[in-house]
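S.K.: Have a look at the structure that comes next, please.
There are 2 protein chains.
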Amino acid sequence: MFEMLDAAAAKMNSRVCVGLDPTPDRVPISDIGVFNRSIVDATKDVASAFKLQFAYYEAMGVKGMIILEKTIQYIRKVAPDHVIIGDGKRGDILMTATAYATAMFEVWDVDIATIYAYQGSDTVEPFLQYPGRGVYIVCRTTNPSSRDIQDLIVDGTDGRTRVFDRVADLADRWAGTENVGLVVAATFPDDLRTLRSRHPNPHFLIPGVGAQGGEAEETARAGANEQGGGFVINSSRGIIYASRNPEDFDYEAGRAAELLRDQINDALKPDGLNPQTISLE
Amino acid sequence: MFEMLDAAAAKMNSRVCVGLDPTPDRVPISDIGVFNRSIVDATKDVASAFKLQFAYYEAMGVKGMIILEKTIQYIRKVAPDHVIIGDGKRGDILMTATAYATAMFEVWDVDIATIYAYQGSDTVEPFLQYPGRGVYIVCRTTNPSSRDIQDLIVDGTDGRTRVFDRVADLADRWAGTENVGLVVAATFPDDLRTLRSRHPNPHFLIPGVGAQGGEAEETARAGANEQGGGFVINSSRGIIYASRNPEDFDYEAGRAAELLRDQINDALKPDGLNPQTISLE
Numbered sequence: 239m240f241e242m243l244d245a246a247a248a249k250m251n252s253r254v255c256v257g258l259d260p261t262p263d264r265v266p267i268s269d270i271g272v273f274n275r276s277i278v279d280a281t282k283d284v285a286s287a288f289k290l291q292f293a294y295y296e297a298m299g300v301k302g303m304i305i306l307e308k309t310i311q312y313i314r315k316v317a318p319d320h321v322i323i324g325d326g327k328r329g330d331i332l333m334t335a336t337a338y339a340t341a342m343f344e345v346w347d348v349d350i351a352t353i354y355a356y357q358g359s360d361t362v363e364p365f366l367q368y369p370g371r372g373v374y375i376v377c378r379t380t381n382p383s384s385r386d387i388q389d390l391i392v393d394g395t396d397g398r399t400r401v402f403d404r405v406a407d408l409a410d411r412w413a414g415t416e417n418v419g420l421v422v423a424a425t426f427p428d429d430l431r432t433l434r435s436r437h438p439n440p441h442f443l444i445p446g447v448g449a450q451g452g453e454a455e456e457t458a459r460a461g462a463n464e465q466g467g468g469f470v471i472n473s474s475r476g477i478i479y480a481s482r483n484p485e486d487f488d489y490e491a492g493r494a495a496e497l498l499r500d501q502i503n504d505a506l507k508p509d510g511l512n513p514q515t516i517s518l519e
Numbered sequence: 239m240f241e242m243l244d245a246a247a248a249k250m251n252s253r254v255c256v257g258l259d260p261t262p263d264r265v266p267i268s269d270i271g272v273f274n275r276s277i278v279d280a281t282k283d284v285a286s287a288f289k290l291q292f293a294y295y296e297a298m299g300v301k302g303m304i305i306l307e308k309t310i311q312y313i314r315k316v317a318p319d320h321v322i323i324g325d326g327k328r329g330d331i332l333m334t335a336t337a338y339a340t341a342m343f344e345v346w347d348v349d350i351a352t353i354y355a356y357q358g359s360d361t362v363e364p365f366l367q368y369p370g371r372g373v374y375i376v377c378r379t380t381n382p383s384s385r386d387i388q389d390l391i392v393d394g395t396d397g398r399t400r401v402f403d404r405v406a407d408l409a410d411r412w413a414g415t416e417n418v419g420l421v422v423a424a425t426f427p428d429d430l431r432t433l434r435s436r437h438p439n440p441h442f443l444i445p446g447v448g449a450q451g452g453e454a455e456e457t458a459r460a461g462a463n464e465q466g467g468g469f470v471i472n473s474s475r476g477i478i479y480a481s482r483n484p485e486d487f488d489y490e491a492g493r494a495a496e497l498l499r500d501q502i503n504d505a506l507k508p509d510g511l512n513p514q515t516i517s518l519e
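Top to bottom, those sequences are chains A and B.
Count along the first sequence from 1, add 238, and you get the number used in the working numbering.
Count along the second sequence from 1, add 238, and you get the number used in the working numbering.
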């Protein structure tokens with residue numbers, strides 16, 4: 239799955255994931271389905287993935303779940319090479335995780351689901367029964383209170399480490415399958431760097447740039463693997479609410495995604511310098 | 239909220255929570271909505287709470303979410319004193335957790351939501367903005383691989399402890415609010431006892447009896463607080479699939495719930511002995 243995502247990123251020349259997280263009180267037009275389709279149209283040429291945060295659809299009830307379903311169908315139609323991430327952060331015991339995997343892959347038809355591994359490997363296994371689909375395990379999150387549990391010091395096989403690093407160790411168990419990645423925040427760049435150096439293989443979904451404070455270039459350099467790939471950077475509010483004017487929200491969303499794409503690509507250039515940026519300064 | 243749940247338990251003389259976790263291939267009749275309503279009718283007099291595991295409804299797609307919604311409306315109508323637990327194990331950063339709280343309490347209208355605290359206090363706070371509603375934080379789970387993360391040894395304020403105990407410490411932060419409880423498995427009775435002795439206040443939702451192997455009497459004694467309350471024991475498969483015959487599944491579900499109720503109540507009798515049980519032996 240993650241090979242497909244890296245292939246999509248190469249084809250689109252973009253490691254941008256657009257987060258479709260609409261809230262009725264912030265969306266500038268009344269029809270959220272139309273809003274989503276407009277954002278998809280405006281950003282698909284400068285992004286390689288779309289991420290739907292399930293909470294925002296669930297908060298709209300059954301109507302929201304229908305919008306979610308139709309948005310995914312629309313992306314399949316107009317952007318068939320793009321990867322769709324279902325961000326529900328699910329996780330449960332084996333039987334229940336199996337039902338969640340059914341929901342994510344068979345019902346909603348996302349390519350990659352985000353999951354919690356607090357319940358251990360049982361939570362992960364059912365999702366791996368689907369060839370060509372994958373999971374991102376929530377590892378290091380963007381928010382300040384992520385320290386409460388994730389930063390607890392535990393004994394590791396090679397000295398003392400932290401809970402989030404042990405969660406990443408768990409992902410390494412399935413590293414050979416190419417279907418288990420990690421969610422790692424942009425807002426703690428040192429942790430992002432450490433995780434990448436200790437875990438060279440898993441694909442990273444990196445949220446937290448833009449509205450949440452992460453800086454795109456630094457994030458791209460810290461998150462990339464040795465081949466300069468192995469990650470996507472998600473931006474939600476920074477793209478979909480780039481303008482909240484009904485006249486130009488889609489155009490501005492496209493511009494914001496394009497800017498993020500360029501910042502990432504610039505950061506990944508071999509010498510870390512971008513002549514274009516320099517000439518503009 | 240948990241005072242209301244204990245009041246319901248006292249009124250019904252039952253600490254049984256019936257888990258409504260239907261899967262189409264196991265339910266003995268074709269209409270899952272009718273199945274749920276039959277189980278509610280058959281068990282409401284011997285239970286004080288119902289728990290809906292969201293995964294099973296999501297696995298049926300939009301149709302499943304409509305069944306979920308209608309089942310909750312039905313419980314409100316025929317069992318208005320009963321407490322409804324939405325078992326979705328949600329959790330995310332502040333803005334997203336706010337959307338999940340909206341979904342759980344305003345849209346689906348459950349009384350208590352289960353959540354993961356892997357992202358720390360940010361995840362919990364939005365749910366506490368609803369007076370008269372509550373959360374159970376997932377702490378110690380029933381499955382073998384729960385050891386992967388939950389059992390990691392960390393430094394505690396009073397010596398070395400485990401991750402799940404630190405999650406329980408987190409719940410104690412809001413202990414005064416009476417709206418934060420814990421999910422603690424029946425399948426690790428020593429951990430259940432330890433958690434109860436270290437955390438006398440939070441309400442416990444205890445899954446894992448019956449199909450998953452936990453023993454009801456021992457669980458009740460280990461999970462009860464000093465007043466002999468402060469918990470409900472959930473059984474899903476053990477009740478709803480007590481019979482898979484379309485003719486008597488509801489009757490047998492009622493019997494299974496009644497038996498579990500009696501086992502729990504017997505265990506909580508002051509001297510731990512039950513004359514009725516003894517006379518039957």
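Heads up, the beta-carbon is just placed ideally off N, CA and C, and yes, glycines get one too.
Please state the DSSP three-state secondary structure of A/Tyr295.
M.R.: In this structure, A/Tyr295 counts as helix in the three-state DSSP scheme.
S.K.: Counting only C-beta atoms, is A/Ile391 closer than 8 Å to chain B at any point?
M.R.: A/Ile391 counts as touching chain B.
S.K.: Anyone know if the C-beta pair for A/Phe288 and A/Ile313 falls short of 8 Å?
M.R.: Yes; because the gap between Cβ atoms is below 8 Å, this pair is in contact.
S.K.: How many Å lie between A/Ala246 and A/Asn439 at the Cα?
M.R.: Approximately 18 Å between the Cα atoms of the pair.
S.K.: Is the distance from the Cβ of B/Arg378 to the Cβ of B/Phe426 below 8 Å?
M.R.: Contact flag set, yes.
S.K.: In the structure shown, what three-state DSSP assignment does A/Ile444 receive?
M.R.: DSSP places A/Ile444 in strand when its eight states are reduced to three.
S.K.: Using DSSP bridges, identify the partner residues of A/Gly329.
M.R.: DSSP output for A/Gly329 lists no bridge partner at all.
S.K.: Closest by CA to A/Glu363, which one among A/Val348, A/Tyr338 and A/Arg385?
M.R.: Nearest C-alpha to A/Glu363: A/Tyr338.
S.K.: Could you give the DSSP three-state label for A/Tyr312: helix, strand or coil?
M.R.: Note: A/Tyr312 maps to helix in three-state DSSP.
S.K.: Any beta-carbon of chain A closer than 8 Å to the one on B/Lys327?
M.R.: It does: the Cβ of B/Lys327 has a partner Cβ on chain A nearer than 8 Å.
S.K.: Short of 6 Å in beta carbon distance, which residues of its chain neighbour B/Arg499, apart from the five on each side in sequence? Order them along the chain.
M.R.: Once the five neighbours on either side are set aside, the close Cβ partners of B/Arg499 are Ser252, Val254 and Val284.
S.K.: Could you list the residues in the segment 344–361 of chain A with a C-beta less than 9 Å from some C-beta on chain E, going in chain order?
M.R.: Absent from the structure: chain E. Protein chains present are A and B.
S.K.: Determine the chain B residues that contact A/Met303 at a beta-carbon separation under 7 Å, and present them in chain order.
M.R.: Those within 7 Å of A/Met303 in chain B are Val300 and Met303.
S.K.: Along the alpha helix (DSSP H) that carries A/Val284, what are the first and last residues, could you check?
M.R.: From DSSP, A/Val284 is part of no alpha helix (DSSP H); its letter is neither H nor E.
S.K.: What does the alpha-carbon distance come out to for the pair A/Gly466 and A/Leu506?
M.R.: Answer to the nearest angstrom: the Cα atoms are 6 Å apart.
S.K.: Compute the distance between the beta-carbons of B/Ala491 and B/Ile502, then report whether it is under 8 Å.
M.R.: It is not a contact, given that the beta carbons lie outside the stated cut-off.
S.K.: Could you name the residues of the same chain whose beta carbon sits closer than 6 Å to that of A/Glu455, not counting the 5 residues immediately before and after it, in chain order?
M.R.: So the qualifying residues of the chain are Gln501 and Ala505.
S.K.: Helix, strand or coil: which one does DSSP assign to A/Phe469?
M.R.: It is a strand residue.
S.K.: Among B/Gly329, B/Ile277, B/Gln388 and B/Ile310, which has the Cα closest to the Cα of B/Ser481?
M.R.: Per the Cα distances, B/Ile277.
S.K.: Exposed or buried, what is B/Met239 when buried is set at 16 or more other beta-carbons lying within 10 Å of its beta-carbon?
M.R.: So B/Met239 ends up on the buried side.
S.K.: Can a CB atom of chain B be found closer than 8 Å to the CB of A/Thr380?
M.R.: Yes - at least one Cβ of chain B is within 8 Å of the one on A/Thr380.
S.K.: Taking only runs that begin and end inside the segment 331–409 of chain A, name each unbroken alpha helix (DSSP H) of 4 or more residues, in chain order.
M.R.: Entirely contained in the segment 331–409 of chain A, the alpha helix (DSSP H) runs reaching 4 residues are, in chain order, 332–339, 359–362 and 385–388.
S.K.: Please name the residue in B/Phe402, B/Ile391, B/Asp393 and B/Arg398 whose C-alpha comes closest to that of B/Ile375.
M.R.: For the residues B/Phe402, B/Ile391, B/Asp393 and B/Arg398, the minimum Cα distance to B/Ile375 belongs to B/Phe402.
S.K.: Could you please give the first and the last residue of the uninterrupted alpha helix (DSSP H) stretch that includes B/Gly476?
M.R.: Taken as a continuous stretch (DSSP letters only), the alpha helix (DSSP H) holding B/Gly476 covers Arg475 to Ile478.
S.K.: Any idea if A/Ile267 is buried or exposed, counting beta-carbon neighbours within 10 angstroms, 16 or more meaning buried?
M.R.: Label assigned to A/Ile267: exposed.
S.K.: Give me the Cα-Cα distance between A/Ile516 and A/Asp488, rounded to the nearest whole angstrom.
M.R.: Only weak support exists for where A/Ile516 lies, its pLDDT of 40 falling under 50; the value from the coordinates is given anyway. Each residue's alpha carbon lies about 29 Å from the other.
S.K.: Within the chosen definition, does the segment 440–450 of chain B reach the segment 293–307 of chain B through at least 3 CB pairs nearer than 8 Å?
M.R.: No, the segment 440–450 of chain B is not in contact with the segment 293–307 of chain B.
S.K.: Give the DSSP-derived three-state secondary structure of B/Lys507 in the structure shown.
M.R.: It is coil, neither helix nor strand.
S.K.: Let me make sure I understand the geometry here. Which of A/Pro508, A/Phe469, A/Arg493 and A/Pro484 has the alpha-carbon closest to that of A/Val321?
M.R.: Ranking the options by Cα distance to A/Val321, first place goes to A/Phe469.
S.K.: Please check if any C-beta of chain A sits within less than 8 Å of the C-beta of B/Ile310.
M.R.: No, B/Ile310 lies away from the interface with chain A (no Cβ there is under 8 Å from its Cβ).
S.K.: Helix, strand or coil, according to DSSP, for A/Ile322 in the structure here?
M.R.: Strand, per DSSP.
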